[in-house]
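Numbered according to full-length UniProt numbering, the sequence shown spans residues 1 to 240. Report on one structure; see the data block that follows.
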Amino acid sequence: MPRPEFQAPPDVFYNESEARKYTTSSRIIEIQSRISERALELLALPNDGVPKLLLDIGCGSGLSGETLTEHGHHWIGYDISKSMLDVALERETEGDLLLADMGQGLGLRPGVIDGAISISAVQWLCNADKSSHDPRLRLKAFFGSLYRCLARGARAVLQFYADNVKQSEMIVTFAMRAGFAGGVVVDWPHRVKVKMARCAATMMTRAVMKMVTKQWAYMKEIGRRRGRRRKRMGKARIGS
């Protein structure tokens, strides 16, 4: 079955039925919890006992936000699906919830956020769901507003399912144009059961750091090999 972002816009796909199905799936709950824990780990927040104000971008019904609450942090959740946010309200999640399109920018004051996570959401910006949607302009608006609202030295960890290497590179390119420095971490690349083969957690920080990992280089090399293999197979068919 194709991934949700290939079936309909997020506010259409996640209707009331899908929102409840998503939130009650034990498999989804487990995966969301594990990825959220990993994202929080990559945020590397100071261990000073002071609760931080975090963003959960594409918060859905609040599954990832629960992890932030369990660690004692305050959070603001953005989502474009009213049905998802309605379920989050029913579940009495602790975060402040906003119905908003991240592709139009976050609209927060500069320097007020201590860190941000986003679980399985950023890839939606790569789709043109409306005639007025330009993925490049939407990525620019999103990353520009995200960079501005982060406090000095704060980080953003964005887990996304890229359709291909080119899409991953486009996302990272616009992040860096906004002012972020960082790279891509590929976690669990061979865990088929949890569908993480294409999962990339992008860690970016306003501090100068680079972590373009061996796994990322490996993904690019695999893509090149597959391309060369397809070309050889095509030539073989023509020759036969």
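We put the beta carbon where it would ideally sit given N, CA and C, even for glycine.
Would DSSP call Ala20 helix, strand or coil?
Taking the sequence shown and counting its residues from 1, one reaches residue 20 at position 20. Note on identity: in this sequence residue 20 is Arg, with Ala being the wrong assignment. Arg20 falls in the helix class under three-state DSSP.
Can you give the Cα-Cα distance for Val157 and Asp79, rounded to whole angstroms?
Counting from 1 along the sequence shown, the entry for residue 157 is found at position 157. Counting from 1 along the sequence shown, the entry for residue 79 is found at position 79. In a straight line, the C-alpha of Val157 is about 17 Å away from that of Asp79.
Is the Cβ-Cβ distance between Leu125 and Leu139 less than 8 Å?
As a working note, residue 125 is residue 125 in the sequence shown. As a working note, residue 139 is residue 139 in the sequence shown. Yes, the Cβ-Cβ distance between Leu125 and Leu139 is below 8 Å.
Measuring alpha carbon to alpha carbon, tell me which residue in Leu99, Gly72, Ala100 and Gly60 is nearest Asp48.
As a first step, residue 48 is located in the sequence shown; it is residue number 48 there, counting from the start. Nearest of Leu99, Gly72, Ala100 and Gly60 to Asp48, Cα basis: Gly72.
In chain order, what residues of the same chain lie with their CB nearer than 8 Å to the CB of Ala151, ignoring the 5 residues before and after it?
Counting from 1 along the sequence shown, the entry for residue 151 is found at position 151. Only Gly111, Val112, Ile113 and Asp114 meet the Cβ criterion.
Could you check whether Ser64 and Ile119 sit closer than 8 Å to each other, using their CB atoms as the reference points?
Translated into the one-based positions of the sequence shown, residue 119 becomes position 119. Translated into the one-based positions of the sequence shown, residue 64 becomes position 64. The answer is yes: Cβ separation under 8 Å.
DSSP puts Trp75 in a beta bridge; with which residues?
The sequence position of residue 75 within the sequence shown is 75, counting from 1. In the DSSP output, where bridge partners are listed per residue, Trp75 has Leu54.
By a C-beta neighbour count over all protein chains shown, 10 Å radius and 16 as the cutoff for buried, is Leu89 buried or exposed?
For the purposes of this step, residue 89 is taken as residue 89 along the sequence shown, with counting starting at 1. Exposed, because fewer than 16 other Cβ atoms sit within 10 Å of the Cβ of Leu89.
Coarse secondary structure for Ser26, derived from DSSP in three states:
Within the sequence shown, residue 26 is the residue found at index 26, counting from 1. Ser26: helix per DSSP, three-state reduction.
Less than 8 Å between the C-beta atoms of Phe160 and Val122, yes or no?
Within the sequence shown, numbered from 1, the residue matching residue 160 stands at position 160. Within the sequence shown, numbered from 1, the residue matching residue 122 stands at position 122. Against a cut-off of 8 Å, the Cβ pair of Val122 and Phe160 comes out as a contact.
Under 8 Å, do Glu41 and Thr69 count as touching if we go by C-beta distance?
Reading the sequence shown from its first residue, position 41 is the one you call residue 41. Reading the sequence shown from its first residue, position 69 is the one you call residue 69. It is not a contact, given that the beta carbons lie outside the stated cut-off.
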